[in-house]
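Peer 1: One structure follows; several queries about it will come next.
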Amino acid sequence: MNQLTTFKILATFCVCISFICTLPSSYKTLKDIIINRCNDFQKKYTNDHELALKKRINCNTLWNTFLNSFSGKDICQIKSYDELFKSIKLKPIKNKALFWSGTNYIAHNFTEIKKNFYTLEDTFPGYIANNWNWCVLLEIDNKKCKKNCGYKSNGEPYWKKASETFAASAEGTAYVMLNGNNPKKAVDPTSIFAQVEIPVLKKKSNIEQLVFFVVNDQNTKAQENCSKGSLKNLMINLKKEKKKTECYDNPKKSDILNATVSLICKLKPTAYDCTSNQYH
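Under mature numbering (1 follows the signal peptide of the UniProt record, and there is no 0), read the sequence shown as residues -22 to -1, 1 to 258, first letter to last.
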């Protein structure tokens, strides 16, 4: 092989996986995160566990498939993770799937205590990518990060596909935790929950019921609840799709919501439900 041929091969290699060529340090960091988390998850959840994958994944192969999502693409080009998720097969999650929107820290603090509920972040695709800073890991410059290239072009497509996979695995009763004081509405139309998860849950014949919990960690009364606003409209639409719904915004009427509000009060004692007569 002459020098010219060698140069052409190397040049092609760099174009195809310019992510590696231009970002050598983050390449190793990201590779280590994915492979280590992939192995850790499969050691933690063996075949008999509900969260275990249907089929074991080769973590090096997973990394290569992930990397191919970036091959030959500009960092601001929207990525597709379809090939990656073809290899990720989740078991059905019956009566234990907890969806959330605007309630990130409450939902996950809750599932840490109540082990009989699972969020997306407890499943394999959520576990390996949880709390990533996409701009840091991909070494995207500040100018492009300010344009949201890091998350909008790379992170958001991943989480949308992960959310679709999670919703597709839910069966029976699905639970949803929403924020009654979300400035964009309890059911935020721009959220992944509204754009991805709800459409999947609506179509699934084996989703029999959706149970909603409206929480409030602010020191003012919630702007939306079960009887008004975007959540009420969503429940009307779900009933048209023959889905049963329940909704709780009063802690006294639901043990689960009562436990959630109790947790909120420990984390944020000034929250409205902690200081009002509603909770005491």
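Where a beta carbon is used, it is the ideal one built from N, C-alpha and C, also for glycine.
Quick check: the Cα distance between N42 and K57, rounded to an integer number of angstroms?
Peer 2: 15 Å
Peer 1: When DSSP builds the beta bridges, which residues end up paired with Y153?
Peer 2: Beta-bridge pairing links Y153 to L76 and V189.
Peer 1: Indicate the three-state DSSP secondary structure (helix, strand or coil) for A145 in the structure shown.
Peer 2: helix
Peer 1: Looking at Y96: is its Cβ nearer than 8 Å to the Cβ of I71?
Peer 2: yes
Peer 1: Specify the secondary structure class of I56 as computed by DSSP and reduced to three states.
Peer 2: coil
Peer 1: Per DSSP, which one or two residues make a beta bridge with Y226?
Peer 2: F191
Peer 1: Compute the beta-carbon to beta-carbon distance between G158 and V192, rounded to the nearest angstrom, for a pair I have assumed lies under 8 Å.
Peer 2: 4 Å
Peer 1: Kindly indicate which three-state DSSP category Y23 falls into: helix, strand or coil?
Peer 2: Three-state DSSP puts Y23 in coil, outside helix and strand.
Peer 1: Taking the alpha-carbon of A237 as reference, which of F88, D166, L40 and C16 has the nearest alpha-carbon?
Peer 2: F88
Peer 1: By DSSP, does K93 sit in helix, in strand, or in coil?
Peer 2: K93 carries a coil assignment under DSSP once its states are collapsed to helix, strand and coil.
Peer 1: Looking only at its chain, what residues have a beta carbon closer than 8 Å to the beta carbon of L1, apart from the 5 residues adjacent to it on each side?
Peer 2: Residue placement at L1 cannot be trusted, given a pLDDT of 45 that sits under 50; the coordinates are not used to answer.
Peer 1: At the level of alpha carbons, what is the spacing between D233 and T223?
Peer 2: 17 Å
Peer 1: Nearest-angstrom Cα distance between P247 and K92?
Peer 2: One Cα belongs to P247, the other to K92, and the distance between them is close to 21 Å.
Peer 1: Could you work out which residue in E28, L62, Q55 and T143 is closest to T39 when comparing CA atoms only?
Peer 2: L62
Peer 1: Can at least three beta-carbon pairs, one atom from the segment 161 to 177 and one from the segment 72 to 79, be found at a separation below 8 Å?
Peer 2: yes
Peer 1: Among C127, S147 and N160, which one has its Cα closest to the Cα of D52?
Peer 2: When only C-alpha atoms are compared, the closest one is C127.
Peer 1: Using the DSSP secondary-structure output, state which residues sit across from N203 in a beta bridge.
Peer 2: K206
Peer 1: Is it the case that the Cβ atoms of G133 and A164 are separated by a distance below 8 Å?
Peer 2: no
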